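Trainee: Per my numbering: the sequence shown = residues 45 to 333. Don't be surprised by glycine CBs; every beta carbon is placed ideally from N, CA and C. As the structure is a prediction and not an experimental result, all values here were calculated from the model. My questions will all concern the structure given below.
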Amino acid sequence: MHLLSKFTRRRMTRLFLLFTGIGYVMLVTLFVRFQERLIFPGSLYRGAPFTRFTPRTSDLLLQFSLGEDTLVGFWKPAENPKLQTLTVLYFYGNGSCLATTQDNAEVLHSLGVNVMMIDYPGYGMSSGKPSEVGTVSARNLALAYLQNVQKIPSQRLIFMGSSLGGAVAIRAASENPCAGLITLCTFTSMGDMAAKTLPLLPFKNKLLRHPFDSLTHLEKVTCPVLLIHGTKDRMVSFSMRDTLAKKAREREGRRVETATIEGAGHDGLLDRKETIEAIRRFLVTVSSQ
Numbered sequence: 045m046h047l048l049s050k051f052t053r054r055r056m057t058r059l060f061l062l063f064t065g066i067g068y069v070m071l072v073t074l075f076v077r078f079q080e081r082l083i084f085p086g087s088l089y090r091g092a093p094f095t096r097f098t099p100r101t102s103d104l105l106l107q108f109s110l111g112e113d114t115l116v117g118f119w120k121p122a123e124n125p126k127l128q129t130l131t132v133l134y135f136y137g138n139g140s141c142l143a144t145t146q147d148n149a150e151v152l153h154s155l156g157v158n159v160m161m162i163d164y165p166g167y168g169m170s171s172g173k174p175s176e177v178g179t180v181s182a183r184n185l186a187l188a189y190l191q192n193v194q195k196i197p198s199q200r201l202i203f204m205g206s207s208l209g210g211a212v213a214i215r216a217a218s219e220n221p222c223a224g225l226i227t228l229c230t231f232t233s234m235g236d237m238a239a240k241t242l243p244l245l246p247f248k249n250k251l252l253r254h255p256f257d258s259l260t261h262l263e264k265v266t267c268p269v270l271l272i273h274g275t276k277d278r279m280v281s282f283s284m285r286d287t288l289a290k291k292a293r294e295r296e297g298r299r300v301e302t303a304t305i306e307g308a309g310h311d312g313l314l315d316r317k318e319t320i321e322a323i324r325r326f327l328v329t330v331s332s333q
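Below, the structure is given as structure tokens:
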């Protein structure tokens with residue numbers, strides 16, 4: 045009985061290790077294959093009725109060609125545009141689209157700025173497949189429109205984004221001259237987010253096709269920065285805001301501000317008066333430079 049019991053234990057151990065290994069390989073395979081669905085959930089609803097953007101008064105609906113794809117954006121000019129009027133190029137989070145973020149544009153517009161937004165490839169009314177490269181392409185098209193059509197100078201341009209859109213904004217500011225950068229509840233990198241969500245996966249940055257490495261991009265940002273985060277954010281850890289701020293302050297002479305929104309979660313930051321006031325102060329400071 046003793047020998048049989050010992051043999052049985054060894055066999056059970058081997059079976060356990062075998063099935064654990066198989067399960068682990070399956071988990072890695074699923075992550076590699078379906079990571080776009082995890083990173084870009086909003087793309088699953090592309091073309092749905094609620095993603096149809098309806099321009100409001102003074103809004104200009106825009107279409108851009110990107111190879112065989114068509115991207116859709118919109119331009120909302122300030123009510124009383126002046127030479128010194130700032131323009132905010134806003135990038136939404138990974139679960140949104142133009143239609144669901146329209147109210148955010150209205151809030152920003154109420155601060156007296158021009159506002160532009162664009163649907164990423166595979167989002168809202170834009171065709172194509174979602175990717176980090178796609179967000180860069182969308183940004184470049186929007187930027188070209190602002191520069192070539194609206195004649196917006198870089199010293200009057202603010203890049204702003206929420207969550208994943210904040211990562212898009214950070215990269216935009218690292219690669220283009222601008223007047224300022226504003227982020228809402230933005231993460232340090234997609235690798236760090238994967239480590240939080242799927243801690244068992246190895247070499248996450250190597251498995252990721254869309255790293256959104258904001259910490260690395262921040263090293264090249266030279267403009268004033270405002271980082272806003274809610275203390276009750278359960279999606280993106282509040283500590284990531286502090287990590288981003290620390291990285292941003294490594295560049296000597298760069299103006300870096302933070303705004304802590306007590307009790308705020310991941311969504312609805314632009315519905316909070318504290319958020320709007322922080323943005324207003326930042327815009328006034330940037331505008332006077």
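From G274 to L110, what distance separates their C-alpha atoms?
Mentor: Each residue's Cα considered, the two are about 36 Å apart.
Trainee: Check each candidate in P243, V269, T227 and name the one with the smallest Cα separation from H310.
Mentor: The option with the nearest alpha carbon to H310 is T227.
Trainee: How far does the beta strand (DSSP E) with A303 in it reach, from first residue to last?
Mentor: Unbroken beta strand (DSSP E) run through A303: 300-305.
Trainee: When we look at the beta-carbon of D257 and count the other beta-carbons within 10 Å, is it buried (16 or more) or exposed?
Mentor: With 16 or more other Cβ atoms within 10 Å, it is buried.
Trainee: Considering only their Cβ atoms, is the gap separating M160 from Y136 smaller than 9 Å?
Mentor: Cβ atoms of Y136 and M160: not closer than 9 Å.
Trainee: CB-CB under 6 Å to S170, same chain, minus the five flanking residues each way: which ones, in chain order?
Mentor: Closer than 6 Å at Cβ, skipping near neighbours: L115, V116, D163.
Trainee: Judging by CA-CA distance, which residue of S198, C267, C222, V212 is the nearest neighbour of T177?
Mentor: One detail in the question is off: residue 177 reads as Val in this sequence, not Thr. V177 has its Cα closest to that of V212, out of S198, C267, C222, V212.
Trainee: Out of P221, K276, R285, A143, state which residue places its alpha-carbon closest to the alpha-carbon of G86.
Mentor: Of P221, K276, R285, A143, the residue nearest in Cα terms is A143.
Trainee: With a floor of 4 residues, list each alpha helix (DSSP H) that falls wholly inside the region 156-203, ordered by position along the chain.
Mentor: If we require 4 residues or more, the alpha helix (DSSP H) runs fully inside the region 156-203 come out as 176-192.
Trainee: Kindly list the residues whose CB is nearer than 7 Å to the CB of T95, restricted to its own chain and excluding five residues on each side of it in sequence; keep chain order.
Mentor: Counting only Cβ-Cβ distances below 7 Å, and skipping sequence neighbours, we find Y89, C141, A143, G168, M169.
Trainee: Rounded to whole angstroms, what's the CA-CA distance from N148 to R215? Just pull it up for me.
Mentor: Looking at the two C-alpha atoms, the distance is approximately 21 Å.
Trainee: For Q107, does the three-state DSSP call read helix, strand or coil?
Mentor: If DSSP states are grouped into helix, strand and coil, Q107 belongs with the strands.
Trainee: Measure the beta-carbon distance from C222 to S198 and round it to whole angstroms, keeping in mind my assumption that it falls under 8 Å.
Mentor: About 6 Å separates the two Cβ atoms, so the contact holds.
Trainee: Are the beta-carbon atoms belonging to L201 and L152 less than 9 Å from one another?
Mentor: Against a cut-off of 9 Å, the Cβ pair of L152 and L201 comes out as no contact.
Trainee: Below 9 Å between beta carbons: does that hold for L313 and P268?
Mentor: It is not a contact, given that the beta carbons lie outside the stated cut-off.
Trainee: Should D315 go down as buried or exposed, given a rule of 16 or more other Cβ atoms within 10 Å for buried?
Mentor: Exposed, since its Cβ has fewer than 16 Cβ neighbours within 10 Å.
Trainee: Taking only the alpha-carbon atoms, compute the straight-line gap between L252 and G297 and give it to the nearest angstrom.
Mentor: Cα to Cα, the separation comes out at about 34 Å.
Trainee: What residue range is occupied by the uninterrupted beta strand (DSSP E) comprising H273?
Mentor: Looking at the DSSP string, the run of the beta strand (DSSP E) that includes H273 is 269-274.
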